[in-house]
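Protein chains in written order, with this note's numbering: chain U, 147 to 247; chain Y, 3 to 476.
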Amino acid sequence: MLEWIQSNQQIIYIVLLMIFLGIEVIGRVPSVLHTPLMSGANAIHGVVIIGAIIVMGKAESGNYLALILGFLAVILGALNVAGGFVVTDRMLEMFKQKKSK
Amino acid sequence: MSQSILTLIYIIASVTFILGLKMLSSPTTARKGNLVAAFGMVLAIIGTIFLYHDDEGNYLHNHLWIFGGLAIGTLLGWIVAKKVKMTAMPEMVSLFNGMGGACAAMISLIEFNHLSHLHAESGFSGMSHGILGIILLGLIIGSISFAGSMIAWGKLNGSIKDFSFKGQTIINLLFLFFILAIATFVIFIRPDATRILVYIIFILALVYGLFFVMPIGGADMPVVISLLNSFTGVAAASGGFLYNNKAMLTGGILVGAAGTLLTILMTKAMNRSIMNVLVGNFGGGGTVGTAAGAGGAQPVKEINASDLAISLNYSKSVVIVPGYGLAVAQAQKTCKELEDTLEANGVEVKYAIHPVAGRMPGHMNVLLAEANVPYPKLIDLEEANDMLKDTDVVLVLGANDVVNPAAKDDPSSPIYGMPVLEVWNAKMVVVVKRSMSSGYAGIDNPLFYHDKTKMLFGDAKKVLQDIVTEVKAL
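Next comes the structure, spelled out in structure tokens:
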């Protein structure tokens, strides 16, 4: 366990700092923006697609399980990213109109 | 060389995620923030495809598959997101969240297979507990998030009903315990006998996600989606651990932390705790419904559109309380028309927005903005409660639980303590509703039998059109 912490200390630091940053960054969000913010955060965790791309790109041509699952993972990840950002943009488009009026 | 460019790209991507999230929490910069984060994401994706290589210098192959998958997913997501009605936004977010969870779970499954192949040849002694643990973490959380999000999606669009049975909380805890127990066993004791056990964990986690969301009432769905959203963030971060990929790690943990805080903020807006939402069976009816039974027999006073039009037209100030019923009827534009007509006749019109009006916090603001209602006309809970005392007519359009006086004066009510709009302080209250049925919380509303209250039954859009016609005819 201690050994594992030692060899992964960099990552552990990142995790700890990101937790505080995540809390700090949205700490003062008005309730009006709760839904768009949730939607935006939803799009950002679509970054999981990078993992899907790596898995897909590494799969050997004979390994059908990895190929099929990886292909599916890429599709799902892309859905999360594209859908997430577009939906958020549509919500926020409304706010823009309102401001300019 | 290419590795260092990729590292730079990942650093830029991480910064755009942080900046994007920061900008998303302020109304003036929100839209730009979303675009900034999207830009970072595209950069990271393209960079990964062309620049990523493993320690032995092997670049990624299967480009055709990768681009094919990207094209299908992007196109599908784009079209669905563009076409969906504003009212259906919350379930859309849930659906996309589920996709992300499933993606994380699949990555874990593949990586596990890969790992067990590798170690089948060389013996299991060298297998890292840490890596195995992270793979399982991604698998479990991703699967729970996927199954839970699908249920939340189904509940919000009405195709899945609430379902709960006695002792469900205990059974859920048992499920969770089994999942964790098997996972611990696999990681620390028998990493060699894992194949079947990992599939069992996968299935148990899916079932747990199902059972976890099933009993939670529709009114609490936003909180659940927000929570599952942060789950998926953690699942994505576990992938970052696995590939030592800092962009995935920062993005995932950031969303995990921010999502958790957002969940807490939402429950605060409803004056409830997360435990209360997750364990308590809100909306199940049951014992708290006694008041409802008695209330059902009480008479209500009705009003018709022309009388209401006169009352509205000759009052000085009108406050509209929009609720989900307004959104369902797609009546936000007609509502705006009524506002314009009344304003033209010298009536002051405001909208009182409860923090949880609609189906998600902020949902109603988005819907009214779509109908071009100017921002200063929307007033929040506290300001509205001050103003309601001097208001002549309050028009409640398809809202219910957020104007329920039981939240203030009936300690036995399940929503007791929730901040509500105190519309009964105004001189007259008119509630437009399709029927006497109860709101999302499944409880009766004494407001309907209040002295000052008059009811107007009908579809919100139809009723509003009638009122507009009548006001114009005056």
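Here a beta-carbon is modelled for each residue, glycine too, at the ideal position from N, C-alpha and C.
Let's see if you can read the secondary structure: which residues bound the beta strand (DSSP E) around residue i?
i	result
Y:THR31	Looking at the DSSP string, Y:THR31 is not in any beta strand (DSSP E), and its letter there is neither H nor E.
Y:MET420	Careful: Y:MET420 lies outside any beta strand (DSSP E) and carries neither H nor E.
Y:VAL321	319 to 324
Y:LYS435	430 to 435
Y:GLU350	350 to 354
Y:VAL398	395 to 399
Y:PHE459	455 to 459
Just mark residue i as buried or exposed, buried being the case when its beta carbon has 16 or more other beta carbons within 10 Å.
i	result
Y:ARG33	buried
Y:TYR1	The requested residue 1 of chain Y does not occur in the structure, where chain Y is confined to residues 3 to 476.
Y:ASP403	buried
Y:GLY298	With a pLDDT of 46 at Y:GLY298, under the threshold of 50, the modelled position of this residue cannot be trusted, and the question is left open.
Y:LYS391	exposed
Y:LYS435	buried
Y:GLN334	buried
Y:SER27	buried
Y:ASN413	Note that residue 413 of chain Y corresponds to Pro in the displayed sequence, not to Asn. The residue is exposed, with fewer than 16 neighbouring Cβ atoms inside 10 Å.
Y:SER437	exposed
U:PRO182	buried
Y:ALA475	exposed
Y:PRO416	buried
U:GLY208	exposed
Y:PHE165	exposed
Y:PRO92	buried
U:ARG174	exposed
Y:PHE98	buried
Y:PHE179	exposed
Tell me which residue opens and which closes the alpha helix (DSSP H) that residue i is part of.
i	result
Y:LYS85	65 to 85
Y:LEU314	307 to 315
Y:PHE148	131 to 158
Y:ASN387	383 to 390
U:MET164	155 to 171
Y:GLY242	223 to 245
U:GLU206	No alpha helix (DSSP H) holds U:GLU206; DSSP gives it neither H nor E.
U:SER185	180 to 190
Y:GLN170	170 to 186
Y:ALA483	Shown here, chain Y extends from 3 to 476; a query on residue 483 of chain Y therefore has no answer.
Y:ILE445	Unbroken run through Y:ILE445: none, as it is neither H nor E.
Y:LYS303	Careful: Y:LYS303 lies outside any alpha helix (DSSP H) and carries neither H nor E.
Y:ILE255	248 to 271
Y:LYS474	462 to 475
Y:HIS365	365 to 372
Less than 8 angstroms between C-beta atoms, sequence neighbours within five positions excluded: which residues of the same chain meet that for residue i?
i	result
U:GLU239	none
Y:MET250	ALA238, ALA239, GLY241 and GLY242
Y:ILE181	ILE142, ILE203, LEU206, ALA207 and TYR210
Y:ASN174	TYR210, PHE213 and PHE214
Taking 7 angstroms as the limit between beta carbons, can you name the residues of its chain near residue i, skipping five residues before and five after?
i	result
Y:GLY135	ILE189
Y:VAL86	MET94
Y:SER228	GLY261, LEU264, THR265 and MET268
Y:GLU339	VAL470
Y:LEU328	GLN334, CYS337, LEU399, GLY400 and ALA462
Y:LEU466	ALA333, THR336, CYS337 and LEU340
Y:LEU45	ILE11, ILE14 and ALA15
Y:SER275	THR269
Y:MET152	GLY100
Just to confirm my understanding: we take residue i, look at its own chain, exclude 5 residues before and 5 after, and list those with CB closer than 6 angstroms. What are they?
i	result
U:VAL194	GLY223
Y:GLY102	THR234
Taking 7 angstroms as the cut-off, does the CB of residue i come closer than this to any heavy atom belonging to the ligand PLP?
i	result
Y:LEU175	The ligand PLP is not among the ligands present in this structure, which contains no ligands whatsoever.
*Output, in sequence order along the chain, the residues in the stretch 412 to 438 of chain Y whose CB is closer than 8 angstroms to any CB in chain U.*
Within the stretch 412 to 438 of chain Y, not one residue has a Cβ closer than 8 angstroms to any Cβ of chain U.
*If you measure beta-carbon to beta-carbon, which residues of the stretch 178 to 193 of chain U are closer than 9 angstroms to chain Y?*
Answer in chain order: VAL178, LEU179, HIS180, THR181, PRO182, LEU183, MET184, SER185, GLY186, ALA187, ASN188, ALA189, ILE190, HIS191, GLY192 and VAL193.
*Residues in the stretch 332 to 360 of chain Y with C-beta within 7 angstroms of chain U's C-beta atoms, listed in sequence order?*
PRO357
*Interface residues of the stretch 361 to 379 of chain Y facing chain U [CB-CB below 7 angstroms]*: MET362, PRO363, GLY364, HIS365, ASN367, VAL368, ALA371, GLU372, ASN374, PRO376 and TYR377
*Taking contact to mean at least 3 C-beta pairs separated by less than 8 angstroms, is the stretch 252 to 272 of chain Y in contact with the stretch 166 to 175 of chain U?*
yes
_Does the stretch 66 to 83 of chain Y come into contact with the stretch 219 to 228 of chain U, if we say contact requires no fewer than three beta-carbon pairs (one atom in each stretch) closer than 8 angstroms?_
yes
_Measuring CB atoms only, is the stretch 106 to 126 of chain Y touching the stretch 8 to 27 of chain Y, in the sense that at least three cross pairs come out at less than 8 angstroms?_
no
*Using a Cβ-Cβ cut-off of less than 7 angstroms, list which residues of the stretch 55 to 77 of chain Y approach chain U; keep chain order.*
Taking 7 angstroms as the Cβ-Cβ cut-off against chain U, the residues of the stretch 55 to 77 of chain Y that qualify are LEU62, HIS63, ASN64, TRP67, ILE68, GLY71, LEU72, ILE74, GLY75 and THR76.
*Is the stretch 447 to 464 of chain Y close to the stretch 353 to 368 of chain Y, with three or more CB pairs under 8 angstroms?*
no
_Closer than 8 angstroms between beta carbons: that is the criterion. Which residues of the stretch 185 to 216 of chain Y meet it against chain U?_
Going along the stretch 185 to 216 of chain Y in chain order, one finds no residue with a Cβ nearer than 8 angstroms to chain U.
*Between the stretch 15 to 39 of chain Y and chain U, which residues of the former have a C-beta closer than 8 angstroms to a C-beta of the latter?*
Contact residues of the stretch 15 to 39 of chain Y toward chain U are ALA15, PHE19, ILE20, GLY22, LEU23, LYS24, LEU26, SER27, SER28, PRO29, THR30, ALA32, ARG33, GLY35, ASN36, LEU37 and ALA39 (C-beta to C-beta distance below 8 angstroms).
*How about the stretch 42 to 50 of chain Y and the stretch 6 to 13 of chain Y: do they share at least three Cβ pairs that are nearer than 8 angstroms?*
Flag = yes, the stretch 42 to 50 of chain Y and the stretch 6 to 13 of chain Y touch.
*asked:* Along the stretch 212 to 223 of chain U, where does the CB come closer than 9 angstroms to a CB of chain Y? Name the residues.
replied: ALA212, LEU213, LEU215, GLY216, PHE217, LEU218, ALA219, VAL220, ILE221, LEU222 and GLY223
_For the stretch 161 to 176 of chain U, list every residue whose C-beta sits within 8 angstroms of some C-beta in chain Y, in sequence order._
VAL161, MET164, ILE165, PHE166, LEU167, GLY168, ILE169, VAL171, ILE172, GLY173, ARG174, VAL175 and PRO176
*Select from the stretch 237 to 259 of chain Y all residues with a C-beta closer than 8 angstroms to any C-beta belonging to chain U, and list them in chain order.*
ALA237, ALA238, ALA239, GLY241, GLY242, PHE243, LEU244, TYR245, ASN246, ASN247, LYS248, ALA249, MET250, LEU251, THR252, GLY253, GLY254, ILE255, LEU256, VAL257, GLY258 and ALA259
*the stretch 93 to 126 of chain Y: which residues have C-beta closer than 8 angstroms to a C-beta of chain U, in chain order?*
MET94, VAL95, LEU97, PHE98, ASN99, MET101, GLY102, ALA104, CYS105, ALA106, MET108, ILE109, LEU111, ILE112, GLU113, ASN115 and HIS116
*Going along the chain, which residues of the stretch 147 to 177 of chain Y sit with their C-beta nearer than 7 angstroms to a C-beta in chain U?*
none
*For the stretch 80 to 93 of chain Y, which residues have a beta carbon sitting closer than 8 angstroms to at least one beta carbon of chain U?*
TRP80, VAL82, ALA83, LYS84, VAL86, MET88, MET91 and PRO92
*Report yes or no: do three or more beta-carbon pairs, one from the stretch 301 to 310 of chain Y and one from the stretch 364 to 382 of chain Y, lie closer than 8 angstroms?*
no
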